[in-house]
Amino acid sequence: MCGIVGILGSQPVAHDLIDALRRLEYRGYDSAGIATVENGHLERRRAEGKLRNLEQRIGEDPLKGKTGIGHTRWATHGKPTETNAHPHMSEKVSVVHNGIIENFRSLREELTAKGHVFDSDTDTEAVVHLITEELSRADDPIEAVSEALQKLEGAFALGIVFAGHDDLMIAARRGSPLAIGHGDDAMYLGSDAIALAPFTNKITYLEEGDMAVLTRKGAEIFDAEGEKVERPAVISQASSLLVDKGNHRHFMAKEIHEQPEVISHTLSHYIDMAEGRVDYPDLGLDLSDLSRITISACGTAYYAGLVGKYWIEKYARVPVEIDVASELRYREAPLPKDGLALFISQSGETADTLAVLRYCKEQGQRIASIVNVRTSTIARESDVILPTLAGPEIGVASTKAFTCQLAALAGLTLLIGRARGTISPELEQELVQGLLEVPRHMAEVMADEAQYEKLAHDLSKARDVLYLGRGINYPLALEGALKLKEISYIHAEGYAAGELKHGPIALIDENVPVIVVAPSDDLHDKTVSNVQEVAARGGKIILISNGDEDSAGCELMAHIRVPDAHPFTNPLLYAVPIQLIAYHTAVQMGTDVDQPRNLAKSVTVE
Ligand code: F6R
Numbered sequence: 023m024c025g026i027v028g029i030l031g032s033q034p035v036a037h038d039l040i041d042a043l044r045r046l047e048y049r050g051y052d053s054a055g056i057a058t059v060e061n062g063h064l065e066r067r068r069a070e071g072k073l074r075n076l077e078q079r080i081g082e083d084p085l086k087g088k089t090g091i092g093h094t095r096w097a098t099h100g101k102p103t104e105t106n107a108h109p110h111m112s113e114k115v116s117v118v119h120n121g122i123i124e125n126f127r128s129l130r131e132e133l134t135a136k137g138h139v140f141d142s143d144t145d146t147e148a149v150v151h152l153i154t155e156e157l158s159r160a161d162d163p164i165e166a167v168s169e170a171l172q173k174l175e176g177a178f179a180l181g182i183v184f185a186g187h188d189d190l191m192i193a194a195r196r197g198s199p200l201a202i203g204h205g206d207d208a209m210y211l212g213s214d215a216i217a218l219a220p221f222t223n224k225i226t227y228l229e230e231g232d233m234a235v236l237t238r239k240g241a242e243i244f245d246a247e248g249e250k251v252e253r254p255a256v257i258s259q260a261s262s263l264l265v266d267k268g269n270h271r272h273f274m275a276k277e278i279h280e281q282p283e284v285i286s287h288t289l290s291h292y293i294d295m296a297e298g299r300v301d302y303p304d305l306g307l308d309l310s311d312l313s314r315i316t317i318s319a320c321g322t323a324y325y326a327g328l329v330g331k332y333w334i335e336k337y338a339r340v341p342v343e344i345d346v347a348s349e350l351r352y353r354e355a356p357l358p359k360d361g362l363a364l365f366i367s368q369s370g371e372t373a374d375t376l377a378v379l380r381y382c383k384e385q386g387q388r389i390a391s392i393v394n395v396r397t398s399t400i401a402r403e404s405d406v407i408l409p410t411l412a413g414p415e416i417g418v419a420s421t422k423a424f425t426c427q428l429a430a431l432a433g434l435t436l437l438i439g440r441a442r443g444t445i446s447p448e449l450e451q452e453l454v455q456g457l458l459e460v461p462r463h464m465a466e467v468m469a470d471e472a473q474y475e476k477l478a479h480d481l482s483k484a485r486d487v488l489y490l491g492r493g494i495n496y497p498l499a500l501e502g503a504l505k506l507k508e509i510s511y512i513h514a515e516g517y518a519a520g521e522l523k524h525g526p527i528a529l530i531d532e533n534v535p536v537i538v539v540a541p542s543d544d545l546h547d548k549t550v551s552n553v554q555e556v557a558a559r560g561g562k563i564i565l566i567s568n569g570d571e572d573s574a575g576c577e578l579m580a581h582i583r584v585p586d587a588h589p590f591t592n593p594l595l596y597a598v599p600i601q602l603i604a605y606h607t608a609v610q611m612g613t614d615v616d617q618p619r620n621l622a623k624s625v626t627v628e
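Here's what the structure looks like:
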């Protein structure tokens, strides 16, 4: 997790950059750094560890530039050393970056062959050399960055300054958030509005694919197609609130849109990017000899666990027992000797989950937990914590915590599969590569939000909605139905598609929309048969798939297209449309989206 800032000011900016970075330190504090443009040259100071180390360094050796960028790092590629600290730079350009450059290895090879010398192990340095290379062709920073952006793959936010250009900063956003602050004869850049709160509350949020050219007079913004666009400036409440909604109407919308970024953070916690393999804390067990894993959780976290069961059984070939915590706690289930019990909880305080954890401990199980709050009771009572790096989740309906739980479970699957020899090094690399592409694919799923608004208009008239999925898509059908009912209050049920004919098909008529999660996987054709059974009875089908509209072989009420991705990563990707369907339907119904009736964020009672 990293934080980015930038300032074009009228006084030396180092002090204010540090101030802004302090407000972003929650995003990481492995190292920090600042670069400014001084008399046409780029100067930088960096320090390993917390921001105070950088502050001390700058105290001893000040930076005088009035244009500068800063970064606080949460290490992904390369160890948390000073050499790997941002900003990275050449003589011509300096860059701060948040996110993952997926194709950094091939870029590095290409640029090294052209004579560029890399100092660090980071993916970011490839961006520096790429822009430098473009600048050597045409000495125009805007053109050079536009060209470079086209060659980058991944999800990222960038802040860039240039030697010889005291009144210029370029920012780019793909997947990771970026806000521009408007001052008096000064402009600012930050990962969020909170970073900029001491300087300005007039904020423009960049949209997916935007590139912004900042001078002290203002900002020109270009969209993904390179067209000049206007993005509104809004007055942020960030100065008075620790957590801000940004330019979203609800926390839930903000949290849905944060997913490309927080998934990157969670993945980078568990993946050695340079090696392309997973790297987990020691679970204190011989994973090659696991006889069974017991997973327990509640609600959405339970559905994440259910996806984990499909993954672990398929790829790591270990049987997984899973149950909702409120049942498992009273079942007096026999547990295998020295087994692994895995708990999943956003809050880490859910009473039922905690009770099962304590039961499993008494039964001599090794306890691992996937939690979002590292100081929580469940975390404290576990032998091993597998953190999700979703950041605070304010919306009561869980969104980003769910997909981060999936990210942690995906990594755990690879770890166990590797230990047991069911996942070869080649397959591990392939699956890791698939995971690294998830943030970019998620951003693509969110690109066309109008289709969800349109669909919500029709869904809001329904009394009942069914969700169907087969195999690993079945837990998503359950999660889709839960999300829809908890925030829109429309009755919704999730079913395994193959179960339909054993009862629920009696519910189908022309008033019941049926949402089908059907990626082109090995069970796709079977799901399509179930879709046709529904269509034959007048049911209205909403298909979520990466195939064509006509792949369902019947008329559709709507088709939500998801990008082609590695099938392993589908649960992460297909989570996004089901969240957006629920969100827009709830908005259409006028419910209290962030605090739906009768619910609480942290369920600390039985
Ligand atoms: C639904 C939702 C709940 C929680 C459940 C467990 O959107 O958020 O179903 O998933 O109450 O909470 P945690 O994860 O805090 O244990």
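Our numbering applies: residue 23 is where the sequence shown begins, and numbers increase by one. Beta carbons are placed, not taken as given, at the ideal position from N, Cα and C, and that holds for glycine.
Query: C-alpha distance - R79 paired with T58, whole-angstrom precision; Result: 15 Å
Query: Rounded separation between V149 and P618 - CA only; Result: 44 Å
Query: Cβ-Cβ distance between Q387 and L350 below 8 Å; Result: no
Query: Sequence-distant residues of its chain with Cβ nearer than 6 Å to E147 (five each side left out); Result: H110 and F140
Query: Bridge partner(s) assigned by DSSP for S567; Result: R583
Query: Whole-Å CB distance - L218 paired with G203, under 8 Å assumed; Result: 4 Å
Query: Beta bridge counterpart(s) of H513 as assigned by DSSP; Result: D486
Query: Top-ranked residue by Cα proximity to L602, from F365, G197, P220 and H272; Result: H272
Query: Closest Cα partner of R130 within the set I40, S142, N120 and G121; Result: S142
Query: Cβ-Cβ distance between S53 and A107 below 8 Å; Result: yes
Query: C-alpha distance - N533 paired with V615, whole-angstrom precision; Result: 25 Å
Query: Close Cβ partners of Q554 (< 7 Å) along its chain, the five nearest in sequence each way excluded; Result: G575 and C576
Query: Endpoints, alpha helix (DSSP H) assigned at I527; Result: Per DSSP, I527 belongs to no alpha helix (DSSP H) and is neither H nor E.
Query: Inter-residue spacing [alpha-carbon to alpha-carbon] between S290 and R442; Result: 23 Å
Query: Straight-line gap, V346 to G502 (C-alpha atoms, nearest Å); Result: 17 Å
Query: Contact with chain E by E124, beta-carbon distance below 8 Å; Result: Checking the listed chains, one finds no chain E in this structure; it contains a single protein chain.
Query: Bounding residues of the alpha helix (DSSP H) (the contiguous stretch that carries G330); Result: G321 to W333
Query: Near ligand 1: I372 beta-carbon under 7 Å from a heavy atom; Result: Just to set this straight, residue 372 is Thr in the shown sequence, not Ile. For ligand 1, at least one heavy atom lies less than 7 Å from the Cβ of T372.
Query: Exposed unless 16 or more other CB atoms sit within 10 angstroms - verdict on D214; Result: buried
Query: T322 CB to nearest heavy atom of ligand 1 below 7 Å; Result: yes
Query: Start and end residues, alpha helix (DSSP H) containing I202; Result: It is not in any alpha helix (DSSP H) - I202 instead sits in the beta strand (DSSP E) that spans A201 to H204.
Query: N-terminal and C-terminal residue of the alpha helix (DSSP H) that V149 is part of; Result: T146 to R159
Query: At least 3 beta-carbon pairs within less than 8 Å: the region 428 to 437 vs the region 398 to 410; Result: yes
Query: Reference P531; option with closest CA among N269, A558, L309 and Y337; Result: For the sequence presented, residue 531 should be read as Asp rather than Pro. Among N269, A558, L309 and Y337, the Cα nearest to that of D531 is on A558.
Query: Nearest-angstrom Cβ-Cβ length linking R95 and P84, presumed shorter than 8 Å; Result: Their Cβ separation, rounded to whole angstroms, is 22 Å, which puts R95 and P84 out of contact at 8 Å.
Query: Three or more C-beta pairs below 8 Å linking the region 289 to 306 and the region 315 to 328; Result: no
Query: Local conformation of S262 per DSSP, three classes; Result: With a pLDDT of only 41 at S262, under the threshold of 50, the placement of this residue in the model should not be trusted; the figure read from the coordinates follows. Three-state DSSP puts S262 in coil, outside helix and strand.
Query: Whole-number beta carbon distance between E415 and N394, since they are thought to touch under 8 Å; Result: 7 Å
Query: Where the alpha helix (DSSP H) through G439 begins and ends; Result: K422 to R442
Query: Identified DSSP bridge partners for P535; Result: K562
Query: Same chain, Cβ closer than 8 Å to E230, five either side skipped, listed in chain order; Result: R195, R196, G197, A246, A465, M468 and A469
Query: E508: CB within 7 Å of a non-hydrogen atom of ligand 3; Result: This structure does not include ligand 3; its bound ligands are ligand 1.
Query: Beta-carbon spacing of Y325, P497 below 8 Å; Result: yes
Query: Residues near A412 by beta carbon distance below 6 Å, same chain, minus five either side; Result: V284, N394, K422, A423 and C426
Query: Whole-angstrom C-beta distance between L152 and I26, which should lie under 8 Å; Result: Actually they do not touch by this definition, with Cβ atoms about 18 Å apart.
Query: Q368, buried or exposed, once every other Cβ within 10 Å from all chains shown has been counted against 16; Result: buried
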